[in-house]
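First to last, the sequence lines map onto chains A and B.
Counting in this note's numbering, the first sequence runs from 1 upward without gaps.
Counting in this note's numbering, the second sequence runs from 391 upward without gaps.
Where a beta carbon is used, it is the ideal one built from N, C-alpha and C, also for glycine.
These notes are about the structure you will find just below.
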Amino acid sequence: MVKRLAAVTILCLLIASSLATLQGPRTVFASKLPLPERSGDISFSDPEVAISIIEQVAEKSGSVSYKATKTVILWHPSGTSACISNIIHKAPNFTKTEYLPSSASACGFRTVISDGKSTWHYEPSLQVVFHMPETSSLPGNDKSEGSQKTRDMLLIKANYKISLVSTENLVGRQAYVIGLEPRYPGNPSRRIWVDKEYPFILKTEQYRPDGTMSSVSFYNQIEFFPELSDDLFRLDIPPNVAKVELPVSGDLMPLDRLEREADFPIPVPGFIPTGYVIEGGILSLYKTFPAAHIRLTDGLNTISYFVSPGIIRDTGVQDNILSMSDISGANIVKWSGKGYDFTLVSEVDQLLLEKMARSVSVAHAPGKPPQKPFSQYLSRFFYQLFLIDR
Amino acid sequence: MTCEKVRSLLSAYIDSELDYQELRQVELHLLDCTYCQEECRSLRATKDLLGMLESPQLPREFWPELKERINSHSVSEFYRRLLVRVLVPACALLALAILPIALSSNTGASKGLTEAKTDLVEPYIREYVISELDRPFSDKTSLGFVATAQAVTMYSSDLLEPYGHPTPHKGVTPSGQTGRKTQIDAFKRVMFLSPK
Numbered sequence: 001m002v003k004r005l006a007a008v009t010i011l012c013l014l015i016a017s018s019l020a021t022l023q024g025p026r027t028v029f030a031s032k033l034p035l036p037e038r039s040g041d042i043s044f045s046d047p048e049v050a051i052s053i054i055e056q057v058a059e060k061s062g063s064v065s066y067k068a069t070k071t072v073i074l075w076h077p078s079g080t081s082a083c084i085s086n087i088i089h090k091a092p093n094f095t096k097t098e099y100l101p102s103s104a105s106a107c108g109f110r111t112v113i114s115d116g117k118s119t120w121h122y123e124p125s126l127q128v129v130f131h132m133p134e135t136s137s138l139p140g141n142d143k144s145e146g147s148q149k150t151r152d153m154l155l156i157k158a159n160y161k162i163s164l165v166s167t168e169n170l171v172g173r174q175a176y177v178i179g180l181e182p183r184y185p186g187n188p189s190r191r192i193w194v195d196k197e198y199p200f201i202l203k204t205e206q207y208r209p210d211g212t213m214s215s216v217s218f219y220n221q222i223e224f225f226p227e228l229s230d231d232l233f234r235l236d237i238p239p240n241v242a243k244v245e246l247p248v249s250g251d252l253m254p255l256d257r258l259e260r261e262a263d264f265p266i267p268v269p270g271f272i273p274t275g276y277v278i279e280g281g282i283l284s285l286y287k288t289f290p291a292a293h294i295r296l297t298d299g300l301n302t303i304s305y306f307v308s309p310g311i312i313r314d315t316g317v318q319d320n321i322l323s324m325s326d327i328s329g330a331n332i333v334k335w336s337g338k339g340y341d342f343t344l345v346s347e348v349d350q351l352l353l354e355k356m357a358r359s360v361s362v363a364h365a366p367g368k369p370p371q372k373p374f375s376q377y378l379s380r381f382f383y384q385l386f387l388i389d390r
Numbered sequence: 391m392t393c394e395k396v397r398s399l400l401s402a403y404i405d406s407e408l409d410y411q412e413l414r415q416v417e418l419h420l421l422d423c424t425y426c427q428e429e430c431r432s433l434r435a436t437k438d439l440l441g442m443l444e445s446p447q448l449p450r451e452f453w454p455e456l457k458e459r460i461n462s463h464s465v466s467e468f469y470r471r472l473l474v475r476v477l478v479p480a481c482a483l484l485a486l487a488i489l490p491i492a493l494s495s496n497t498g499a500s501k502g503l504t505e506a507k508t509d510l511v512e513p514y515i516r517e518y519v520i521s522e523l524d525r526p527f528s529d530k531t532s533l534g535f536v537a538t539a540q541a542v543t544m545y546s547s548d549l550l551e552p553y554g555h556p557t558p559h560k561g562v563t564p565s566g567q568t569g570r571k572t573q574i575d576a577f578k579r580v581m582f583l584s585p586k
């Protein structure tokens with residue numbers, strides 16, 4: 001009897017150890033998550049628990065390979081956009097996303113592949129493939145991804161109340177529900193569902209500053225650490241497809257260097273929403289949109305401030321401030337003055353952006369051309385007016 | 391779009407009355423045509439000057455007298471010339487002077503905001519979305535969806551022309567080119583309004 005019991009025990013131990021070995025990397029991540037599995041043991045009131053979870057997500061989510069189907073729904077003033085995508089990610093850098101056609105997304109089939117150095121976007125309906133080198137792969141880019149993450153986490157801890165709200169079952173998995181509520185009004189809030197086993201976000205809900213939901217994204221099904229061949233990340237496209245190089249943003253630089261490279265003085269806002277810091281600037285370039293792009297962040301959100309030498313709008317008069325919204329959920333504020341065009345883009349409350357807009361004072365125009373004498377304009381005007389009768 | 395067509399739209403362009411497509415086409419043309427740039431600058435300056443003029447006060451009897459004279463069939467050549475050469479331009483001047491004042495009561499920068507005007511913002515939104523990708527906890531699938539949609543819109547609107555000379559190609563291989571130098575050069579090239 002004793003021998004039988006010992007044999008069964010040894011067999012059980014062997015099975016358990018072999019299972020653990022087969023599961024491989026799972027145990028690596030699971031062991032580093034700080035919380036016990038039983039929700040009864042979780043301290044919901046301790047913010048450090050929630051902070052510890054999101055710190056691991058920020059640091060390690062890219063290390064989780066997976067194969068999944070995901071749904072994204074965006075609510076915006078002009079309606080609702082939704083898309084379903086198939087995603088495979090092979091840690092650390094390979095990601096392939098196939099956006100599937102749907103009437104709700106008004107887009108056709110679309111494939112996006114990133115290898116950590118470049119992103120390729122194939123649009124079969126247009127017979128075109130877009131290529132964009134990733135910023136971090138640019139030569140001379142000394143931006144440290146690690147230090148940026150550390151800074152963002154410090155900012156998030158300072159600017160948001162982070163709490164463990166509950167635990168839930170999601171897509172067949174146990175998840176921690178973490179709330180990120182802004183300490184300062186006018187900022188969006190977020191709720192994320194983090195897998196209990198891996199530092200991985202299973203679902204995200206984003207809310208506008210007024211509390212209405214702006215977007216939700218969640219996995220319909222997910223498989224962690226599947227076998228993924230590198231060939232899956234090769235973009236096979238038919239011949240005679242056009243290739244378009246998308247402009248690269250370049251590296252973030254201090255504002256004085258940005259001003260030197262832009263070659264014109266850059267007016268900055270006198271008012272910056274509480275909690276935000278300027279993280280630097282980049283030169284943004286499209287044919288019609290040469291602009292200095294200054295980025296501000298509170299860790300979780302971004303405010304993009306664009307300053308561009310104006311096209312023809314060199315009257316020295318402050319134009320109307322125009323506010324609009326985009327399908328991305330971003331608010332856009334545009335205005336012109338003294339030879340500049342300005343644009344602010346962010347999910348921050350529109351009133352805050354407009355306050356920023358009004359706080360920009362322009363000392364002088366960027367190389368304003370000399371004004372013609374008043375009499376010249378007046379004589380030209382009357383000349384044109386009296387041509388009516390000729 | 392030809393210079394002639396652009397010049398016919400300049401007045402509406404300055405008054406922000408063009409629709410999305412026309413606005414795009416005019417601004418693209420203005421980037422390359424110095425003559426139309428000058429025309430636009432001049433027209434805008436004229437309109438600004440008109441906006442600064444005070445409205446002339448017409449006498450109370452102006453309109454009755456005008457009506458009477460128009461109705462009378464015995465208008466002399468002198469009065470006809472007076473009407474055509476002085477009164478019509480004066481009325482036009484008055485209308486042009488009053489119009490900006492009337493409009494500014496609703497849309498002035500100091501007063502308030504104009505809602506939801508469509509403008510050329512796709513590249514800015516795309517830049518913003520790409521910045522958001524750097525943030526921890528950003529949802530890369532939804533941001534990627536928006537960014538790729540913006541790229542498609544821009545490509546369809548010829549906004550990617552300098553980079554997007556569509557050329558047939560046989561296959562895709564990641565390249566190390568950054569376009570950085572080209573970017574700065576092109577940036578300076580298009581800054582035609584800010585000579586240093």
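- In the three-state reduction of the DSSP assignment, glutamine 206(A) falls in the strand class.
- The beta carbon of alanine 541(B) sits closer than 8 Å to some beta carbon of chain A.
- Put simply, the region 211-224 of chain A touches the region 61-68 of chain A. At least three CB pairs are less than 8 Å apart.
- Within the region 291-306 of chain A, the residues whose Cβ lies closer than 8 Å to any Cβ of chain B are, in chain order, Ala291, His293, Arg295, Thr297, Gly299, Leu300, Asn301, Thr302, Ser304, Phe306.
- Isoleucine 201(A) and valine 72(A) do not touch by the CB rule: their CB atoms are close to 13 Å apart, not below 8 Å.
- Remark: C-beta atoms of serine 304(A) and glutamate 451(B) do not approach each other more closely than 8 Å.
- Neighbours of aspartate 152(A) across chain B, judged by C-beta separation under 7 Å: Arg525, Pro526.
- For chain B, the residues of the region 85-100 of chain A that bring a beta carbon within less than 7 Å of one of its beta carbons are Ser85, Ile87, Thr97, Tyr99, in chain order.
- At a cut-off of 8 Å between beta carbons, glutamate 522(B) contacts chain A.
- DSSP places aspartate 405(B) in the coil class of the three-state scheme, outside both helix and strand.
- Take leucine 246(A), set aside five residues on each side of it, and the residues of its chain with a beta-carbon closer than 6 Å to its own are Phe130, Met132, in chain order.
- With 16 or more other Cβ atoms inside 10 Å of its own Cβ, proline 273(A) counts as buried.
- C-alpha of phenylalanine 44(A) to C-alpha of leucine 523(B): approximately 30 Å in a straight line.
- With a cutoff of 8 Å on beta-carbon distance, proline 446(B) and leucine 484(B) are scored as near each other.
- In this structure, lysine 90(A) sits near phenylalanine 233(A), with a CB-CB distance shorter than 8 Å.
- Methionine 253(A) carries a strand assignment under DSSP once its states are collapsed to helix, strand and coil.
- Contiguous alpha helix (DSSP H) elements confined to the region 410-482 of chain B occur at 410-422, 424-442, 452-461, 467-472, taking only those with 4 or more residues.
- In the pairwise beta carbon analysis, the region 92-102 of chain A is classified as touching the region 113-128 of chain A: at least three pairs are separated by under 8 Å.
- Taking a C-beta distance under 8 Å as the contact criterion, threonine 302(A) and serine 432(B) do not qualify as a contact pair.
- Taking the C-beta atoms as reference points, glycine 534(B) is found no nearer than 8 Å to threonine 111(A).
- Between leucine 413(B) and proline 47(A), the alpha-carbon positions lie close to 51 Å from each other.
- Among the residues of chain B, those whose CB is under 8 Å from the CB of glutamine 148(A) are Asp524, following chain order.
- Among the bridge pairs identified by DSSP, lysine 161(A) is matched with Glu181(A).
- Cβ neighbours of glutamate 512(B) within its own chain (closer than 6 Å, five residues either side excluded): Gln540, Thr543, Met544.
- Taking 7 Å as the upper bound on Cβ-Cβ separation, chain B lies near residues Lys70, Val72, Leu74, Cys83, Ser85, Ile87 of the region 60-87 of chain A.
- Flagged as an interface residue toward chain B: isoleucine 192(A), by a C-beta distance shorter than 8 Å.
- Annotated three-state conformation of threonine 69(A) is strand, per DSSP.
- By the rule that beta-carbons nearer than 8 Å mark a contact, valine 396(B) does not touch chain A.
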